[in-house]
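Numbering (my numbering), first residue to last: 1354 to 1468.
In this text, a Cβ means the ideal position worked out from N, Cα and C, and glycines have one as well.
Predicted, not measured: the structure shown is a model, and the values here were computed from it.
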Amino acid sequence: LQVEIREEAAYLSYETIRGAGGLPVGTSGKGMLMLSGGIDSPVAGYLALKRGVDIEAVHFASPPYTSPGALKKAQDLTRKLTKFGGNIQFIEVPFTEIQEEIKAKAPEAYLMTLT
C-alpha cells in the first residue's frame, strides 16, 4: 500500500504502473489513431496517450495496393503502443473494393487525394 499526501488530498494506491508520463490514459476522452505503418502515426499515438487520450488503432488494408507487411507493421506498432496506454484495440478495415470504386468514379485530378 502506498500513501501520497498532498495539500489538497491524500492518495492511496496498491500498484505503480509505469507509463509514458503525462496525463492518465482515458482522462482526455477517446480517439482513433490511423496507423499506416510509417513513423508519423505511432508518434502521434504516443503523444495522444501522453495527453490522456484513450486510443483505438485503425489500419486501412488494401492489397495489392498495400503490402501484407504494412498490415503486420501496423499490428506490431499497436502492440508497442500498449506499453504506454494499456489495451489498444486494433481495427483492420478491408479497403480494396472501396478504393477501386473511388478510382473508377472520381475525377482523375482528385485520385491522389482520395486514394
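query	result
Contact under 8 Å by Cβ, Leu1354 with Pro1395	no
DSSP beta-bridge partners of Tyr1364	Glu1357
Which of helix, strand or coil DSSP assigns to Ile1392	coil
CB contact flag (Thr1431, Ala1410, <8 Å)	yes
Range of the contiguous beta strand (DSSP E) that encloses Ile1444	1443–1447
Cα-Cα separation between Asn1440 and Ile1358, rounded to whole angstroms	30 Å
Closest by C-alpha distance to Tyr1418, when choosing among Thr1449, His1412, Ile1408, Arg1404	Thr1449
Cβ-heavy atom distance, Ile1358 to the ligand GDP, below 7 Å	With respect to the ligand GDP, the structure offers nothing, as it holds no ligand at all.
The beta strand (DSSP E) enclosing Leu1386, as first and last residue numbers	1383–1387
Reference Gln1442; option with closest CA among Pro1421, Tyr1367, Lys1383, Gly1374	Lys1383
Under the three-state DSSP convention, the category Ala1373 falls into	coil
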